[in-house]
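Chemist:
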Amino acid sequence: MRLSRDEIAHVALLSRLKLTEEEMAQFTGQLNAILDHFAALTEADTGDIDATTHVVPMTNVMRADVQRPSFAPDDALANAPERAGDQFKVPRVVE
Amino acid sequence: MTHLYALTAHAAHALLARKEISARELLDAVYARIDAVDGAVHSYVLLMREAAYAAADAVDARLAAGEAIGPLDGIPLALKDILCTTGVRTTCCSRILENFIPPYDAAVVERLRAAGVIPVGKTNMDEFAMGSSTENSAFGPSHNPWDLARVPGGSSGGSASAMGADEALIAIGTDTGGSIRQPAAYCGVVGLKPTYGRVSRYGLIAFASSLDQIGPITKDVRDAALVMNAIAGPDPRDSTCLPEPAPDCTALLGRDITGMRVGVPRELFSQEGVTVAPGVEAAVRAAIALLERLGAVVEECSLPHARFSLPTYYIIAPAEASSNLARYDGVEFGYRAPGARDTVTMMTDTRDQGFGAEVKRRIMLGTYALSSGFYDAFYLKASQVRTLIRRDFEQAFETFDVLVSPTAPTVAFPLGAKVDDPIQMYLNDICTIPINMAGIPAISVPCGDDRGLPVGLHLMAAHWQEPKLLQVAHAYEQAAGWTRKAVEEAGRVTIAG
Numbered sequence: 523m524r525l526s527r528d529e530i531a532h533v534a535l536l537s538r539l540k541l542t543e544e545e546m547a548q549f550t551g552q553l554n555a556i557l558d559h560f561a562a563l564t565e566a567d568t569g570d571i572d573a574t575t576h577v578v579p580m581t582n583v584m585r586a587d588v589q590r591p592s593f594a595p596d597d598a599l600a601n602a603p604e605r606a607g608d609q610f611k612v613p614r615v616v617e
Numbered sequence: 010m011t012h013l014y015a016l017t018a019h020a021a022h023a024l025l026a027r028k029e030i031s032a033r034e035l036l037d038a039v040y041a042r043i044d045a046v047d048g049a050v051h052s053y054v055l056l057m058r059e060a061a062y063a064a065a066d067a068v069d070a071r072l073a074a075g076e077a078i079g080p081l082d083g084i085p086l087a088l089k090d091i092l093c094t095t096g097v098r099t100t101c102c103s104r105i106l107e108n109f110i111p112p113y114d115a116a117v118v119e120r121l122r123a124a125g126v127i128p129v130g131k132t133n134m135d136e137f138a139m140g141s142s143t144e145n146s147a148f149g150p151s152h153n154p155w156d157l158a159r160v161p162g163g164s165s166g167g168s169a170s171a172m173g174a175d176e177a178l179i180a181i182g183t184d185t186g187g188s189i190r191q192p193a194a195y196c197g198v199v200g201l202k203p204t205y206g207r208v209s210r211y212g213l214i215a216f217a218s219s220l221d222q223i224g225p226i227t228k229d230v231r232d233a234a235l236v237m238n239a240i241a242g243p244d245p246r247d248s249t250c251l252p253e254p255a256p257d258c259t260a261l262l263g264r265d266i267t268g269m270r271v272g273v274p275r276e277l278f279s280q281e282g283v284t285v286a287p288g289v290e291a292a293v294r295a296a297i298a299l300l301e302r303l304g305a306v307v308e309e310c311s312l313p314h315a316r317f318s319l320p321t322y323y324i325i326a327p328a329e330a331s332s333n334l335a336r337y338d339g340v341e342f343g344y345r346a347p348g349a350r351d352t353v354t355m356m357t358d359t360r361d362q363g364f365g366a367e368v369k370r371r372i373m374l375g376t377y378a379l380s381s382g383f384y385d386a387f388y389l390k391a392s393q394v395r396t397l398i399r400r401d402f403e404q405a406f407e408t409f410d411v412l413v414s415p416t417a418p419t420v421a422f423p424l425g426a427k428v429d430d431p432i433q434m435y436l437n438d439i440c441t442i443p444i445n446m447a448g449i450p451a452i453s454v455p456c457g458d459d460r461g462l463p464v465g466l467h468l469m470a471a472h473w474q475e476p477k478l479l480q481v482a483h484a485y486e487q488a489a490g491w492t493r494k495a496v497e498e499a500g501r502v503t504i505a506g
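Just so you know, the sequences run in chain order A and B.
Numbering of the first sequence is given in the working numbering, commencing with residue 523 and proceeding in unit increments.
Numbering of the second sequence is given in the working numbering, commencing with residue 10 and proceeding in unit increments.
(1) Which residues, in chain order, does the stretch 565 to 577 of chain A contribute to contact with chain B at a C-beta distance below 7 angstroms?
(2) Rounded to whole angstroms, what's the CA-CA distance from Ala586/A to Gly206/B? Just pull it up for me.
(3) Quick one, are the C-beta atoms of Leu261/B and Pro476/B less than 8 angstroms apart?
(4) Quick one, are the C-beta atoms of Pro274/B and Leu436/B less than 8 angstroms apart?
(5) I need the straight-line Cα distance from Gly506/B to Leu157/B, nearest angstrom please.
(6) For Ala534/A, go through chain B and note every residue whose CB falls closer than 7 angstroms to its CB, in chain order.
(7) Sort Val198/B, Gly96/B, Arg270/B, Met237/B by Cα distance to Asp257/B and report the nearest one.
(8) So with Cβ pairs under 8 angstroms, would you call Thr249/B a contact of chain A?
(9) Buried or exposed, going by whether 16 or more other CB atoms sit within 10 Å of the CB of Gly83/B?
(10) Confirm, please, whether the CB-CB distance from Gln393/B to Ile530/A is below 8 angstroms.
(11) Since Val428/B meets chain A, which of its residues come closer than 9 angstroms, beta carbon to beta carbon?
(12) Can you give me the start and stop residues for the beta strand (DSSP E) that Val9/B sits inside?
(13) Just the Cα atoms here: how many angstroms apart are Leu553/A and Tyr377/B?
(14) According to DSSP, is Glu290/B part of a helix, a strand, or is it coil?
(15) Is it true that the CB of Leu536/A sits closer than 8 angstroms to the CB of Thr380/B?
(16) Can you give me the Cβ contacts of Leu599/A inside the same chain, cut-off strictly under 6 angstroms, excluding the 5 residues immediately before and after it?
(17) For the stretch 541 to 553 of chain A, enumerate the residues whose C-beta is nearer than 7 angstroms to any C-beta of chain B, in chain order.
(18) Using a C-beta cutoff of 8 angstroms, does Arg345/B count as contacting chain A?
(19) What residues in its chain sit with their C-beta under 6 angstroms from that of Ala15/B, if we drop five residues either side in the sequence?
(20) State the Cα-Cα distance for the pair Ala328/B and Ser219/B, rounded to the nearest angstrom.
(21) By the criterion of Cβ-Cβ separation under 7 angstroms, what are the contact partners of Val615/A in chain B?
(22) So which of Glu59/B, Gly263/B, Arg71/B, Ser170/B has the shortest CA-CA distance to Lys89/B?
(23) Cα-Cα, which of His467/B, Arg159/B, Asp247/B, Arg336/B is closest to Leu213/B?
(24) Buried or exposed: Met222/B, going by 16 or more other Cβ atoms within 10 Å of its Cβ?
(25) Taking contact to mean 3 or more Cβ pairs, one atom from each stretch, closer than 8 angstroms, check whether the stretch 23 to 43 of chain B and the stretch 103 to 117 of chain B are in contact.
(26) Is it a yes or a no for the stretch 107 to 124 of chain B touching the stretch 17 to 30 of chain B, going by three-plus beta-carbon pairs under 8 angstroms?
(27) If you draw a straight line from the alpha carbon of Phe560/A to that of Asp608/A, how long is it in whole angstroms?
(28) How should Gln589/A be labelled, buried or exposed, when 16 other C-beta atoms within 10 angstroms of its C-beta is the threshold for buried?
(29) In terms of residue numbering, what span does the alpha helix (DSSP H) encompassing Ile556/A cover?
(30) Going by alpha carbons, who is nearest to Ala217/B out of Tyr323/B, Gly182/B, Leu468/B?
(31) On the DSSP letters alone, give me the boundaries of the alpha helix (DSSP H) that His22/B sits inside.
(32) So is Ser537/A in contact with chain B if we call contact Cβ pairs under 8 angstroms?
(33) Along the alpha helix (DSSP H) that carries Val454/B, what are the first and last residues, could you check?
(34) Leaving out the 5 sequence neighbours to the left and right, which residues in its chain are closer than 6 angstroms to Ser209/B when beta-carbon positions are compared?
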């Protein structure tokens, strides 16, 4: 499996990453080398083996539905790059 | 007398409890040591002097009032900068979080503070814990205290170099594929990755959520057990944290290991594309022979699917990372690139300027592995292979109490040696990654040297068996006598201070 430059550019877009020409060239080589390494997995006979998502023998952890205190707006907004009143401010989304 | 900064936590506790030293004196010694050596080692990215002295004075006040103190009261801690600290910058050594000030403490930090532990600073690491050398830190690498031209390992390199250079008494690291154990091995100290689910991840900045686990890096095995007692146990804020109470990790220390069954998995000594260095193998084989002389029954065994661990890891971890790191978009916290007129450009510019090359590489890999049309071939396949790897270990632990291998195939490598070759860097984790796949606990303890650089002995146990794992590690450590003091006397530590 070889990733083309166009495919790398597409994955970069999905990842919300902007790559320079230099990074594009470097990543194309490196990602393909890593993917070649992944090819070894085809040798593993997985048939109908269940997937492991995590190893703790637990599912559906529940807690009582009780009201708890949360952060005050000023604490929650303290790290905001830009703020307007009690809201996070971002550039216009809809034209 | 040994310098106060060079003490283990349990030795310092004895002095504090007898009022032979104060918590303030201990802290003074640690900060003086940091001032003397950290310019060369660069273990820390931030120091917390004011809060540390306030905490030390509180311990001294309790001592003066005649109160009994706990085993970690007044003990100075080096904390990896991936754990949230209230009001104190937490950066993950990334530009994107350079000015992030969390409004809360991580569960582990909360518990350590409650135990009287004093965080002295935040330690350097590979950005978002992605790396094996600290060379991916946005704030420059840390240096190996044994040879400043070499890496301390990673990603918890700053915590390990802080232990190796005596810049705190205990340290905390995190381990997703070996990030506690490999730097501990490189810096000649002890590092324990607990069972997945043993320690709450609340307040830990996520890399790969199904693999990440927090654990101690310390100067000896007893200290690792004491730190575990403080940090392990249930936490409703982390739904993957085991609800049952954690056992006393010191309970089995000092017990005889006669009859203990020790397995030696051949795949962790030799695999296609990786050679364990002869000096490393010799040190580890000598350690195994010592375990045998202590009464353990040693036998070779096999983990047939271990050879798939590396590709499995490099699909699963980046897939989880690409999803976890989607939150760094410049909206709610962290860096935002200036000047963008629309949100997509703002997010793309923010991530472009905020992330380093390795983080971008892994986000790309993970996004690709999860993308439409490739999910089955990569992520699903890897998750199935993960089951096979886990079963290999479960089967081995039907026969053996512990398994043993080198922690890393080589000793610490020179700075810059692998930065341009990601696969060579990844191969360094070949012995540690299978453990995260299986979720079991494992520890690295010093087992001698290869031409003057420390070698780590890697011991593994079944899920939730930390006390037994620590028992064997402790028995080895006590019999081998590979203490830092012995090493210093041999004149190998290069840092004066």
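Quick reminder that beta carbons are idealized off the backbone N, C-alpha and C, glycines included.
As the structure is a computational prediction, the values presented were derived from the model and not from experiment.
Modeler: The structure says:
(1) Those residues of the stretch 565 to 577 of chain A that come within reach of chain B (Cβ to Cβ, closer than 7 angstroms) are Ala566, Thr568, Ile571, Asp572, Ala573, Thr574, Thr575, His576, Val577.
(2) Counted from its first residue, the first sequence places residue 586/A at position 64. Counted from its first residue, the second sequence places residue 206/B at position 197. Computed Cα separation, rounded: 21 angstroms.
(3) Your numbering for residue 261/B matches position 252 in the second sequence. Your numbering for residue 476/B matches position 467 in the second sequence. Using a Cβ distance threshold of 8 angstroms, Leu261/B and Pro476/B count as a contacting pair.
(4) Position 265 of the second sequence, counted from the start, is the residue given in the question as residue 274/B. Position 427 of the second sequence, counted from the start, is the residue given in the question as residue 436/B. No.
(5) The residue you call residue 506/B lines up with position 497 of the second sequence. The residue you call residue 157/B lines up with position 148 of the second sequence. Reliability fails at Gly506/B, whose pLDDT of 46 lies under 50, so the model's placement of it is uncertain and the value that follows must be treated cautiously. When rounded, the distance between both Cα atoms is 14 angstroms.
(6) As a working mapping, residue 534/A is identified with position 12 in the first sequence. Ala534/A reaches chain B at Met373, counting residues in chain order whose Cβ is nearer than 7 angstroms.
(7) By one-based count along the second sequence, residue 257/B stands at place 248. With distances taken between CA atoms, Asp257/B lies nearest to Met237/B out of Val198/B, Gly96/B, Arg270/B, Met237/B.
(8) As a working note, residue 249/B is residue 240 in the second sequence. Nearest CB-CB separation between Thr249/B and chain A: below the 8 angstroms threshold.
(9) For this step, residue 83/B is matched to residue 74 along the second sequence. Classified as buried, Gly83/B has 16 or more neighbouring CB atoms from the shown chains inside 10 Å of its CB.
(10) For the purposes of this step, residue 530/A is identified with residue 8 of the first sequence, where counting begins at 1. For the purposes of this step, residue 393/B is identified with residue 384 of the second sequence, where counting begins at 1. Contact annotation: Ile530/A and Gln393/B have beta-carbon atoms that are not nearer than 8 angstroms.
(11) As a position in the second sequence, residue 428/B is number 419, starting the count at 1. Chain-ordered listing is empty here: chain A has no CB closer than 9 angstroms to the CB of Val428/B, the nearest sitting near 12 angstroms.
(12) No information on residue 9/B is available, as it lies outside the stretch 10 to 506 that chain B covers here.
(13) For the purposes of this step, residue 553/A is taken as the residue at position 31 of the first sequence. For the purposes of this step, residue 377/B is taken as the residue at position 368 of the second sequence. Looking at the two C-alpha atoms, the distance is approximately 10 angstroms.
(14) Counted from its first residue, the second sequence places residue 290/B at position 281. The answer is helix: DSSP assigns Glu290/B an H, G or I state.
(15) As a position in the second sequence, residue 380/B is number 371, starting the count at 1. As a position in the first sequence, residue 536/A is number 14, starting the count at 1. The sequence shown places Ser at residue 380/B, rather than the Thr named in the question. Taking a C-beta distance under 8 angstroms as the contact criterion, Ser380/B and Leu536/A qualify as a contact pair.
(16) The sequence position of residue 599/A within the first sequence is 77, counting from 1. Contacts found: Arg605.
(17) Listed by position, the residues of the stretch 541 to 553 of chain A near chain B (Cβ gap below 7 angstroms) are Phe549, Gln552, Leu553.
(18) For the purposes of this step, residue 345/B is taken as the residue at position 336 of the second sequence. Using beta-carbon distances, Arg345/B counts as an interface residue toward chain A, with a partner under 8 angstroms.
(19) Stepping through the second sequence from its first residue, residue 15/B is reached at position 6. Here the set comprises Asp175.
(20) The residue given as residue 328/B occupies position 319 in the second sequence. The residue given as residue 219/B occupies position 210 in the second sequence. For Ala328/B and Ser219/B, the distance between alpha carbons rounds to 11 angstroms.
(21) Counted from its first residue, the first sequence places residue 615/A at position 93. Think of a sphere of 7 angstroms around the beta carbon of Val615/A: the chain B residues whose beta carbon falls inside it are Thr352, in chain order.
(22) As a first step, residue 89/B is located in the second sequence; it is residue number 80 there, counting from the start. Considering only alpha carbons, the answer is Ser170/B.
(23) As a working mapping, residue 213/B is identified with position 204 in the second sequence. The shortest Cα separation from Leu213/B among His467/B, Arg159/B, Asp247/B, Arg336/B belongs to Asp247/B.
(24) Taking the first residue of the second sequence as position 1, residue 222/B is located at position 213. Correcting the residue identity first, residue 222/B is Gln in this sequence and not Met. A residue is called buried when at least 16 other Cβ atoms come within 10 angstroms of its Cβ; Gln222/B meets this threshold and is buried.
(25) No contact exists between the stretch 23 to 43 of chain B and the stretch 103 to 117 of chain B.
(26) The stretch 107 to 124 of chain B vs the stretch 17 to 30 of chain B: no contact.
(27) One-based indexing of the first sequence puts residue 560/A at position 38. One-based indexing of the first sequence puts residue 608/A at position 86. The straight-line gap separating the alpha-carbon atoms of Phe560/A and Asp608/A is approximately 47 angstroms.
(28) The residue labelled residue 589/A in the question sits at position 67 within the first sequence. With fewer than 16 Cβ atoms within 10 Å of its Cβ, Gln589/A is classed as exposed.
(29) Mapped onto the first sequence, residue 556/A falls at position 34. Where Ile556/A is concerned, the enclosing alpha helix (DSSP H) stretches over 543 to 560.
(30) As a first step, residue 217/B is located in the second sequence; it is residue number 208 there, counting from the start. The option with the nearest alpha carbon to Ala217/B is Tyr323/B.
(31) Working through the second sequence from its first residue, we reach residue 22/B at position 13. Annotation for His22/B: the continuous alpha helix (DSSP H) segment containing it runs 18 to 26.
(32) Stepping through the first sequence from its first residue, residue 537/A is reached at position 15. Yes, contact with chain B.
(33) As a first step, residue 454/B must be located in the second sequence, where it is residue number 445. Premise fails: Val454/B lies in the beta strand (DSSP E), 451 to 459, not in any alpha helix (DSSP H).
(34) Within the second sequence, residue 209/B is the residue found at index 200, counting from 1. Excluding residues within five positions, the ones whose Cβ falls inside 6 angstroms are Ala116, Asp244, Asp247, Cys250.
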